[in-house]
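Report on one structure; see the data block that follows.
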DNA sequence: TAGATAGTTGACGTTAACGTAAACTAACAC
DNA sequence: GTGTTAGTTTACGTTAACGTCAACTATCTA
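Protein chains in written order, with the working numbering: chain A, 12 to 145; chain B, 12 to 145.
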């Protein structure tokens, strides 16, 4: 038996610190499709992992549509040659974009490094001008 | 003479491939404050640089408010000890956030690397099953 | 002098990503 | 049985980041 662990909607909400509204919204947008027991939603490990991916995408600055695109790459629709070729090209594309995004962030970081340097310079000056004020 | 190069609003729009509406919107939001000659806006090198920063922030996935926060670090308001200390702490904070954002992106990238591997595996299988189809 | 062109200020429209509130159901607690 | 506690659907509200007119002005050009 594969240890069929499940989650309620508020389990997930607690695990990832989001509201249940958010989770229902993600389902509405097709990012999650939990099972149902009557009215209630039942989430499994795969749903848990998908939500984790969605939120990682958010922190990375992606839109929900972009996150869905990435998530959908994990379980391909088709099974023929062209489908996999197409998937590979989308993987390429997304990787390139994410890498250039890292470059942008790194540039912001070095910019802040300069700010820090100037800041330290100014602080030095000030503490030199006011030697009493250590 | 300091080579006072200036730009019209559509110069900037062309340089960065955004609409003039966008630039006016950024001014409205306090991200830019160009000079005026009568009604018309006159942008200088500093404005040019600020817009570049804004758009870099966008590509990095930041909101306009977050970009403004970073941009404002480049020209500090105050000039006393506490101000610079405070600025330094904000630099710290923002750098930490950007670095953890890079980590999230890197995790997305390695996830896509796995997708690529599985994809290549599937393609191998297919082309092995259909040896005529190279 | 009459267009054409570049700029301006409103003002309303739009999409994404939820928040918030209402009205309902089902299960358990006492 | 009756709160209380999850959970549900439906629907309207909200904020960010612009797009899209409309109506106007100033300038240059034929």
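Don't be surprised by glycine CBs; every beta carbon is placed ideally from N, CA and C.
If you're wondering where the values come from, they're calculated on a predicted model, not measured in any experiment.
Next item on the list: Drop a sphere of 10 angstroms on the beta-carbon of residue 78 of chain A, count the other beta-carbons inside from all chains shown, and report buried for 16 or more, exposed for fewer.
Entry: Classification of residue 78 of chain A: buried, given that the 10 Å Cβ count is 16 or more.
Next item on the list: Specify the secondary structure class of residue 71 of chain B as computed by DSSP and reduced to three states.
Entry: coil
Check: Does the beta carbon of residue 29 of chain A sit closer than 8 angstroms to a beta carbon anywhere in chain B?
Finding: no
Note to self: According to DSSP, residue 53 of chain A sits in a beta bridge with which residue or residues?
What the structure shows: A/46
Checklist line | Between the CA atoms of residue 41 of chain B and residue 125 of chain B - distance to the nearest angstrom | finding: 43 angstroms
Item checked: Cβ-Cβ separation, residue 123 of chain A to residue 106 of chain B (assumed contact under 8 angstroms), whole Å -> 5 angstroms
Next item on the list: Starting from residue 133 of chain B, find everything on chain A with Cβ-Cβ shorter than 7 angstroms and list it in chain order.
Entry: 95
Notebook entry, point to check: Would you call residue 49 of chain B buried or exposed, if buried means 16 or more other Cβ atoms sit within 10 Å of its Cβ?
Noted result: That one is exposed.
Check: Using a beta-carbon distance below 8 angstroms, is residue 60 of chain B in contact with chain A?
Finding: no
Check: Smallest Cα separation from residue 129 of chain B: which of A/99, A/121 and A/132?
Finding: When the alpha-carbon of residue 129 of chain B is set against those of A/99, A/121 and A/132, the nearest one is in A/99.
Note to self: Less than 7 angstroms between C-beta atoms, sequence neighbours within five positions excluded: which residues of the same chain meet that for residue 45 of chain A?
What the structure shows: 38, 52, 53, 54 and 58
Next item on the list: Pull up the distance between the alpha-carbon of residue 30 of chain B and that of residue 18 of chain B, whole angstroms please.
Entry: 14 angstroms
Checklist line | Exposed unless 16 or more other CB atoms sit within 10 angstroms - verdict on residue 47 of chain B | finding: exposed
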